[in-house]
Amino acid sequence: MIRRSTWWAAAAGLLLAGPAAAQPAALPPPYQGAYQPHGVDEIGLWHEADEEERQLAASPLRIRDERLTGYVTSVLCATVGDDRCGSVRVYVIRAPMFNASMTPNGTMRVYSGLLLRLRNEAELATVLGHEFGHYERRHTLAAFKERRSGTDAVAWMALLTSLGASYQTMQNFQNFQLAVYGGFFRHGRDQEREADKLGIAYLNRSSLRPQSATVVWQHMMAEAEASASAKGLKKPNFRYIAFAASHPPYAERAAYLAELAAPDGADRDDGTERYRAALAPFLAQFLDDQIKLNDFGASEYLIQNLATAGWTATLWLKRGDLYRTRGAPRDLAAAADFYAHAVQLDPTLAEAHRGLGLSLMKTGRPSEAVAPLQTYLRLRPDAVDAGMIQTIIPGGPQ
Amino acid sequence: MKGLFWAFLLAAGLTLVVGNPAQAQERSATRQGFELAPNSGKKILVFRPSISVGAQSTGGLFEPNGDWTDKARTNLQAALEKAQASLGNAVIAAPEAYGDDAQTLQEHLQLFAAVSDAVIKYQFFVGNRLPTKKRDNKHAVFDWSLGKGVADLPGAKDADYGLFLFTRDAYGSTGRKVLQVLAAFGPGLAVKSGQHEGYAGLVDLRTGDLLWLNADAAMGGDVRDAEGSEKRIHQLLEDFPGSTPPKAQPQGPAQAKP
Chain A
21 MIRRSTWWAA AAGLLLAGPA AAQPAALPPP YQGAYQPHGV DEIGLWHEAD EEERQLAASP
81 LRIRDERLTG YVTSVLCATV GDDRCGSVRV YVIRAPMFNA SMTPNGTMRV YSGLLLRLRN
141 EAELATVLGH EFGHYERRHT LAAFKERRSG TDAVAWMALL TSLGASYQTM QNFQNFQLAV
201 YGGFFRHGRD QEREADKLGI AYLNRSSLRP QSATVVWQHM MAEAEASASA KGLKKPNFRY
261 IAFAASHPPY AERAAYLAEL AAPDGADRDD GTERYRAALA PFLAQFLDDQ IKLNDFGASE
321 YLIQNLATAG WTATLWLKRG DLYRTRGAPR DLAAAADFYA HAVQLDPTLA EAHRGLGLSL
381 MKTGRPSEAV APLQTYLRLR PDAVDAGMIQ TIIPGGPQ
Chain B
109 MKGLFWAFLL AAGLTLVVGN PAQAQERSAT RQGFELAPNS GKKILVFRPS ISVGAQSTGG
169 LFEPNGDWTD KARTNLQAAL EKAQASLGNA VIAAPEAYGD DAQTLQEHLQ LFAAVSDAVI
229 KYQFFVGNRL PTKKRDNKHA VFDWSLGKGV ADLPGAKDAD YGLFLFTRDA YGSTGRKVLQ
289 VLAAFGPGLA VKSGQHEGYA GLVDLRTGDL LWLNADAAMG GDVRDAEGSE KRIHQLLEDF
349 PGSTPPKAQP QGPAQAKP
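Note that the protein sequences, when read in sequence, are chains A and B. All you need for my numbering is the position in the first sequence, starting with 1, plus 20. All you need for my numbering is the position in the second sequence, starting with 1, plus 108.
Structure representation (structure tokens):
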């Protein structure tokens with residue numbers, strides 16, 4: 021027993037000596053001027069981030085639209101201020117997930133799935149402010165240092181345990197290892213909370229409505245519920261924190277963001293009109309990518325949500341696509357109905373005529389399908405599938 | 109029994125810490141029928157090498173080091189130019205790409221990385237080799253390609269072959285070395301300090317076929333200094349088709365400098 025406890029005492033001593041010494045003097049914030057990284061670790065991480073950015077700049081995943089990128093950047097500047105946003109490069113990535121990220125050198129990635137899900141400028145500002153918060157507080161560097169000292173401690177502990185090997189020491193080692201790994205995740209969630217708080221502070225100081233911040237997470241919960249219910253799963257628990265959860269749960273975030281929003285900001289503009297106008301040219305593509313995720317409940321929720329401002333031809337068309345993709349006979353009947361609405365609103369929407377014709381064909385109404393399919397061919401004579409559509413029109417090619 | 113127990117601990121505790129035990133991890137292959145005669149006047153286009161240099165923490169984490177990486181880039185470039193004479197052919201650096209060219213180039217750099225990764229995993233080394241690739245090995249078949257798209261890469265029109273280089277070095281930190289020594293003397297565990305991988309590949313810029321690939325998971329030569337970089341380049345381009353037979357230095361089994 022004595023021998024064993026000596027080892028653990030020695031291990032504890034190593035642990036205390038392990039973590040790197042604190043920063044000697046406060047460094048300027050990374051957004052100030054043309055800030056250059058300090059110290060081996062920060063320089064190393066920036067170097068890696070620079071290399072990744074070089075690849076990202078030439079990546080086919082990027083949406084190379086100067087207006088969209090410019091719009092997102094302008095919202096970031098309106099949130100964190102012109103003096104800060106100049107240090108950030110924004111890249112819009114075509115990926116249908118709700119996500120955005122920030123690297124230590126000021127590379128901001130904004131996913132198209134995020135833009136599709138948000139409803140106004142204030143909500144976008146919530147996320148951009150949060151990401152900027154990670155950058156401002158050097159979260160990547162702090163997490164790296166913590167992982168390093170944690171894994172160092174695990175390595176020493178493994179060595180010591182193998183010297184005094186017994187069932188009990190091994191049990192202790194495994195507990196220790198779990199505690200260290202759990203600590204990484206817990207600190208990661210704390211960083212997210214800190215970034216959330218910085219983000220809402222920026223929003224409170226901006227000219228946008230801070231009450232929108234909580235709405236982001238309320239919608240995320242509603243979408244997750246819609247997705248689960250369409251799959252027949254039970255309602256997700258929005259308060260539960262899993263061992264390896266990277267972020268605090270939705271309900272917690274929604275609650276503290278609602279609490280921290282400045283009450284006097286409630287009458288401010290949330291920039292809904294500007295946001296819609298900026299996103300309009302991309303809506304069809306973003307919805308297309310979302311539909312291909314094969315998450316019926318979530319996609320239907322998003323379309324319904326966009327339609328609260330009024331149904332457009334694009335929304336009817338994409339709803340038709342969503343149902344026709346799932347493709348049960350009842351879905352095809354519904355899809356035909358949605359496409360008919362789209363055609364009514366915009367008779368020049370070729371894809372809607374195509375979808376309508378194909379849905380009618382599959383629901384046993386081939387005679388009704390002829391006219392829309394012919395309209396499609398007239399509107400898109402050079403369509404890649406023109407030949408195939410011609411062969412399925414009853415009566416053969418015209 | 110005690111030995112077994114330690115072995116179990118090693119599996120349980122040090123999995124995160126210790127990499128795979130060093131095996132013979134050096135291999136190259138040449139496409140069947142491909143020959144590059146020395147001084148045949150062919151031009152080889154070198155694409156921007158992928159280089160990262162850092163340290164390995166006590167726990168085994170990669171610690172990127174910007175200064176070392178910059179030094180390695182300069183040193184390896186200089187060493188490559190010096191080695192050009194022994195390659196027997198003209199080596200030219202790929203021009204800087206802009207706009208759509210930059211995108212195509214980036215896609216091909218990633219494609220080369222994915223293909224060479226597949227060669228290394230599924231054909232070269234014991235572990236995950238695919239049955240079809242084992243058969244290829246028996247018949248000395250080496251058949252991989254990046255596709256004809258390489259012909260459109262910037263600079264490809266003025267060259268015959270493209271050369272891709274990759275190196276990744278993690279030098280064992282002091283803590284790692286102390287752990288290594290203590291683990292060896294105490295419980296007798298083998299902890300690896302430092303990791304030095306690299307590969308180089310030659311691609312036909314007309315057909316996209318992979319003509320030659322050399323991979324080494326335990327490379328020698330310290331890329332942080334000029335002399336070590338020459339050794340590294342020499343190892344990367346070992347068995348390079350058409351290179352002059354008498355090698356610069358006699359090479360033992362690949363040994364990483366700590």
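Using N, Cα and C, we set each Cβ at its ideal position, and we do this for glycine too.
With burial defined as no fewer than 16 other Cβ atoms inside 10 Å of the residue's Cβ, what is the status of A/Ala-348: buried or exposed?
exposed
In the structure shown, what three-state DSSP assignment does A/Ala-32 receive?
Annotation note: pLDDT 46 at A/Ala-32 (below 50); position unreliable, coordinate value reported separately. The answer is helix: DSSP assigns A/Ala-32 an H, G or I state.
Express the C-alpha separation of A/Pro-50 and A/Glu-243 in angstroms, rounding to a whole number.
36 angstroms
According to DSSP, is A/Lys-254 helix, strand or coil?
coil
What are the start and end residues of the beta strand (DSSP E) that includes B/Ala-163?
158-164
Just checking: is the beta-carbon of A/Glu-68 within a distance shorter than 9 angstroms of some beta-carbon in chain B?
yes
When the Cα atoms are used, what is the spatial distance from B/Gly-306 to B/Met-327?
7 angstroms
Do B/Val-154 and B/Val-199 come within 9 angstroms of each other at the CB atom, strictly closer than that value?
yes
First through last residue of the beta strand (DSSP E) which encompasses A/Lys-312
Counting along the chain, A/Lys-312 falls outside any beta strand (DSSP E), and DSSP gives it neither H nor E.
Could you list which residues in chain B have their beta carbon closer than 9 angstroms to that of A/Gln-75, in chain order?
Gln-214, Leu-217 and Gln-218
Can you give, in chain order, each stretch of the alpha helix (DSSP H) that sits fully within the segment 57-103 of chain A and has at least 4 residues?
59-77 and 86-100
Say whether chain B places a C-beta atom closer than 9 angstroms to the C-beta of A/Asp-315.
no
Beta-carbon separation (whole angstroms), A/Ala-281 vs A/Gln-211, contact threshold 8 angstroms:
Not quite, the Cβ-Cβ distance comes to about 21 angstroms (not below 8 angstroms), so this is no contact.
Look at A/Leu-369 and A/Ala-333 and say whether their C-beta atoms are less than 9 angstroms apart.
yes
Is the CB-CB distance between A/Val-174 and A/Leu-144 below 9 angstroms?
no
Quick one: using the 10 Å Cβ neighbour count with 16 as the cut-off for buried, is A/Leu-198 buried or exposed?
exposed
Residue interval of the beta strand (DSSP E) (run including B/Gly-294)
Here B/Gly-294 belongs to no beta strand (DSSP E), and DSSP marks it neither H nor E.
Any heavy atom of the ligand ZN within a distance shorter than 8 angstroms of the CB on A/Ala-333?
The ligand ZN is absent from the structure shown, which contains no ligands of any kind.
Name the chain B residues that come within less than 7 angstroms of A/Ser-79, Cβ to Cβ?
Gln-214
B/Trp-320 bridges to which residues according to DSSP?
B/Thr-138 and B/Leu-310
Taking the continuous beta strand (DSSP E) assigned at B/Ser-270, which residues delimit it?
According to the sequence shown, residue 270 of chain B is Gly rather than Ser. That run of the beta strand (DSSP E) goes 269-280.
Can you give me the C-alpha to C-alpha distance between A/Ser-182 and B/Val-289, rounded to a whole angstrom?
14 angstroms
Tell me, please, whether the CB atom of B/Gln-231 is closer than 9 angstroms to any CB atom in chain A?
no
Between B/Leu-213 and B/Pro-262, what straight-line distance do the alpha-carbon atoms span, to the nearest angstrom?
7 angstroms
Going by beta carbon distance, what residues of the same chain come within less than 6 angstroms of A/Ala-372, once the five residues before and after it are set aside?
Leu-337, Tyr-359, Ala-362 and Val-363
Give me, in chain order, the residues of the same chain whose beta-carbon lies closer than 6 angstroms to that of A/Val-108; leave out the 5 immediate sequence neighbours on both sides.
Gly-126 and Met-128
Within the segment 173-228 of chain B, note down every full beta strand (DSSP E) run reaching 3 residues or more, in order along the chain.
198-201
Determine, using beta-carbon pairs with one atom in the segment 156-167 of chain A and one in the segment 48-62 of chain A, whether at least three such pairs fall under 8 angstroms.
yes
If you measure between the beta carbons of B/Phe-272 and B/Val-311, is that distance less than 9 angstroms?
yes
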